[in-house]
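Asker: As numbered in our numbering, residues 2 to 90 make up the sequence shown, in order. Even for Gly, the Cβ is constructed at its ideal location relative to N, Cα and C. The structure presented is a predicted model; accordingly, all values stated were derived computationally and were not measured. Questions regarding the structure given below will be posed in turn.
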Amino acid sequence: MAERIADPERARRLARAILSDVLLYNVEAVREGIRQDDLFERLARELEEARSYFEGRVEPDLLLKENFIDRAIVDVLVCGSRGVASEIW
């Protein structure tokens, strides 16, 4: 098994890469989730898989210091979909 990530910057990059893949494979679901304000419910399985994979690759102590995945969800999925019309976002 690969060594776990202990560097915060590497952890941030990994989180963003994982969420970029989620977006790549679920573009329309992300757009519709933002339109309908049910993004987290609509992508619950994918987001849980992303979180689980990330947590398996990063040192547990680092996971307690910053919420890398939630930040990447906002940065990659939500902010990356700014052009999608939504009443809440």
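#1: Terminal residues of the continuous alpha helix (DSSP H) containing E47?
#2: Alpha carbon to alpha carbon, how far is R32 from E56?
#3: Residues in the same chain with beta-carbon distance under 8 Å from I19, minus the five sequence neighbours each way, listed in chain order, please.
#4: To the nearest angstrom, report how far apart V75 and L25 are at their CA atoms.
#5: If we count the other Cβ atoms within 10 Å of its Cβ and call it buried at 16 or more, is V28 buried or exposed?
#6: With DSSP as the reference, identify every bridge partner of I6, one or two as the case may be.
#7: If I'm right that L63 touches A3 with Cβ under 8 Å, what's the distance once you round it to whole angstroms?
#8: If you measure between the beta carbons of V77 and L40, is that distance less than 9 Å?
Answerer: Let me spell this out:
#1: A45 to R58
#2: 26 Å
#3: A51, Y54, F55, I70 and A73
#4: 15 Å
#5: exposed
#6: V59
#7: Incorrect: roughly 15 Å between the Cβ atoms, too far for contact.
#8: no
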